[in-house]
Amino acid sequence: MIITVPRILRRSQIAFMFIDGGDNTDPIPTSSSVTMLAESTGSVTVELKQIPNQPIKFMADSTQESRTEDAIIAWTWKTFIEQNGTNPYILLRMPMTKAAVRGMDATEQLLKEEGFPVPNNFVIAGLSKRGWTTWTTAAVNNQRVSAAIPIVLDILNLQKNMKHHYRSLAGWTFAFYNYYVLNITRYLDNPYFQKMASIVDPYSYFDRYAQVKLFQLQGANDEFFLPDSEDYFWDDLQVKTGGSYLRRIPNTGHNIQGYQGSLQSFYLSIADKQILPSFKWTRSINETHGQILAIIDFSSGQPKPINATVYQARTVNGTKRDFRQAKIDPTSGQIIQNPIVWLNMPVTIEAQTNTSITYSYTAPMPPSSYWDGIFIQVTFVGPENTTLDLTTETLILPNTFPADPCTGEGCFGTMV
């Protein structure tokens, strides 16, 4: 764990913790990826590394494979399900979450011992598996976590989203390999899969986010997760939290790029207790076209937008509702590029008053055997000359799928 205290501590009441990866072979760190954030914001930052502790071998694993990342998680899922859900502590999400909580404890203890002000609350963030841990840490420690920024992790409402994934791709992304080889996709209707989801799925804890500001960052070309995963949880999240925020970044995948500016802007707004934008939207679709309306309300001092645009992309064919940046070549079995490009398109100002503005974008149905994805991005000025980009959910049209819903063993599928 690396704690950075800036020379000029302008924001002592809050700290930023980035939950990171790494393994036992890494050298002792001499710098932190969030040190610059500490210097630019005048606040303490923490980089909590090696979440989870890895590599690891399980005594019950006959292969004695040295497992890391998803290979560990998948093994703990398999073990929980095949032991009929008798041992929740085998699930890797538990120690990952506990480590993040203990990271905040250790930060407070060290700052106190060294004579620095102890922050009242934390903003936490993490990518991928650490993004999942960001969700669960905010759920179990919601009085200390004032805001959470889960990055490239939006497969909430787990079973429904996984079944949606299968229908969209007519199979399973190659990125799910570690889960696929352990038969996890066969277990989606198993009652112990459902019991596992009730423990590890952030969807189970939405009532704990009422006082937590959430800013979800996603890559529009993510190889793991689909651009419309929010369809299965976003409305419920809004009801429970009173409003959360989303940014989907075009032309970047699970190795997401270009999010740091919006992350800093959001963090500063939380730190300084500044009003965040009021940004809502509706999506509609019929036989001939789809439409998104984005409504920004600034009647009570909320930030006004300074720019709005649309991003639109088209699949390469009609065999998969597939916007990933990479896929398996069905001929060679190798992972190849998937040439999906999100293009910038102008929006229409549908309505404008002294207190609100509504942007709209209407897209005709794509040619037969293709799918189009669209979302609106709106930009706001944030504290200290930062900018905050927010997006709507993605609308995919037509609302059809290349595969029928799966059940039971029929969900095993193939890798694509």
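Sequential numbering from -7 applies to the sequence shown in the numbering used here.
Virtual Cβ for every residue (Gly too), placed ideally from N, Cα, C.
**Q.** Distance between I(-5) and P297 (C-alpha atoms, nearest Å)
**A.** Cα to Cα, P297 sits roughly 35 Å from I(-5).
Q: Report yes or no: do the stretch 379 to 393 and the stretch 216 to 236 share at least 3 C-beta pairs separated by less than 8 Å?
A: As far as the Cβ criterion goes, the stretch 379 to 393 touches the stretch 216 to 236, which means the pair count is three or higher.
Q.
Residues in the same chain with beta-carbon distance under 7 Å from L285, minus the five sequence neighbours each way, listed in chain order, please.
A. Answer for L285: W273, T274, E342, T350 and S352, listed in chain order.
Q | Straight-line gap, E425 to M337 (C-alpha atoms, nearest Å) | A | A query on residue 425 cannot be resolved here, the shown segment of the chain reaching from -7 to 408 and no further.
Q | Inter-residue Cα distance where the pair is P80 and I73 | A | Cα to Cα, P80 sits roughly 10 Å from I73.
(Q) Less than 8 Å between C-beta atoms, sequence neighbours within five positions excluded: which residues of the same chain meet that for V144? (A) Cβ contact annotation for V144 (same chain, cutoff 8 Å, sequence separation greater than five): L119, S120, G123, L209, Q210, G211, D214, F216, F217, H246 and I248, in chain order.
Q: Evaluate contact between the stretch 108 to 116 and the stretch 60 to 75, counting only Cβ atoms and requiring at least three cross-stretch pairs below 8 Å.
A: With the rule of 3 Cβ pairs closer than 8 Å, the stretch 108 to 116 does not count as touching the stretch 60 to 75.
Q.
For M(-7) and K41, I'd like the C-alpha separation in whole angstroms.
A. Distance between the alpha carbons of M(-7) and K41 is about 6 Å.
Q.
Distance check for I65 and Y179, CA to CA, integer angstroms please.
A. A straight line joining the alpha-carbon of Y179 with that of I65 spans about 15 Å.
Q: Enumerate in chain order the residues of its own chain whose CB-to-CB distance from D321 is below 7 Å, with the five nearest sequence positions on each side excluded.
A: Same-chain partners within the cutoff: I328.
Q | contact_flag[the stretch 251 to 267, the stretch 148 to 164] where n(CB pairs < 8 Å) is 3 or more | A | The stretch 251 to 267, when compared against the stretch 148 to 164, does not touch it at the 8 Å Cβ threshold.
Q. Helix or strand or just coil, what does DSSP make of L150?
A. Reduced to three states, the DSSP call for L150 is helix.
Q. Taking Cβ positions, are W127 and P142 nearer each other than 8 Å?
A. Yes. Within cutoff.
**Q.** For W475, the first and last residue of its enclosing alpha helix (DSSP H)
**A.** Since the first and last residues shown for the chain are -7 and 408, residue 475 lies out of range.
Q.
Could you tell me which whole beta strand (DSSP E) segments of length 3 or greater appear in the stretch 293 to 381?
A. If we require 3 residues or more, the beta strand (DSSP E) runs fully inside the stretch 293 to 381 come out as 297 to 306, 318 to 320, 327 to 329, 335 to 337, 340 to 344, 348 to 356 and 364 to 373.
Q. Hey, H281 and A355 are a contact pair by Cβ (cut 8 Å); roughly how many whole angstroms apart?
A. Between A355 and H281 the Cβ distance is about 6 Å, and since that is below 8 Å, they are a contact.
Q: Taking E39 as part of the beta strand (DSSP E), name the residues at either end of that continuous run.
A: Unbroken beta strand (DSSP E) run through E39: V36 to L40.
Q: Can you tell me which of D228, L382 and Q151 puts its alpha carbon nearest to the alpha carbon of P397?
A: For P397, the closest of D228, L382 and Q151 by C-alpha to C-alpha distance is Q151.
Q: Could you name the residues that DSSP lists as bridge partners for S270?
A: Beta-bridge pairing by DSSP links S270 to D289.
Q: Could you say which of W226, T379 and E279 lies nearest to L260 if we only look at CA atoms?
A: Measuring from the Cα of L260, the nearest candidate turns out to be T379.
Q | Beta-carbon proximity check, I368 vs A318, cutoff 8 Å | A | Cβ distance not < 8 Å, so I368 and A318 don't count as in contact.
Q. Are the beta-carbon atoms of T37 and S23 separated by less than 8 Å?
A. Taking 8 Å as the Cβ cut-off, T37 and S23 do not qualify as a contacting pair.
Q | Run of the alpha helix (DSSP H) containing V93, from where it starts to where it stops | A | Taken as a continuous stretch (DSSP letters only), the alpha helix (DSSP H) holding V93 covers R85 to E105.
(Q) Nearest by alpha-carbon distance to T78: which of R239, Q230, P359 and I191 is it? (A) Cα-wise, what sits closest to T78 is I191.
Q: Report the option in N170, N149 and A140 whose CA atom is closest to the CA atom of E61.
A: Minimum Cα distance to E61 is reached at N170.
**Q.** Backbone secondary structure at R240 - three-state DSSP
**A.** Strand.
Q) Between F290 and S361, is the Cβ-Cβ spacing less than 8 Å? A) Taking 8 Å as the Cβ cut-off, F290 and S361 do not qualify as a contacting pair.
Q. Run through DSSP, which three-state label would F166 get?
A. The three-state secondary structure of F166, taken from DSSP, is helix.
Q) Which value, in whole angstroms, describes the spacing of the CA atoms of M9 and Q46? A) Distance between the alpha carbons of M9 and Q46 is about 20 Å.
Q: Quick one: measure Cβ to Cβ for R240 and Y251, integer angstroms, because I've assumed they're closer than 8 Å.
A: 10 Å between Cβ atoms; not a contact.
**Q.** Nearest to E376 (by Cα), restricted to the options G14, W67, T33 and G13
**A.** Just measuring C-alpha positions, the residue of G14, W67, T33 and G13 sitting nearest E376 is T33.
Q) Should E279 be labelled buried (16 or more other beta-carbon atoms within 10 Å of its own) or exposed? A) So E279 counts as exposed.
Q. Which whole-angstrom value describes the C-beta separation of F225 and N149, a residue pair presumed to lie in contact below a C-beta threshold of 8 Å?
A. With 8 Å as the limit, F225 and N149 qualify as a contact, their Cβ atoms being about 5 Å apart.
Q | Residue of A140, R94, D97 and D18 minimising C-alpha distance to Y237 | A | Taking only the C-alpha atoms, the option nearest Y237 is A140.
Q. In whole angstroms, what is the alpha-carbon distance linking M53 and W67?
A. According to the sequence shown, residue 53 is Asp rather than Met. Straight-line measurement puts the Cα of W67 at about 9 Å from the Cα of D53.
Q: Quick one: which unbroken beta strand (DSSP E) runs of 3-plus residues sit fully inside the stretch 170 to 241? Chain order, please.
A: Here the runs fully enclosed are 205 to 211 and 237 to 241.
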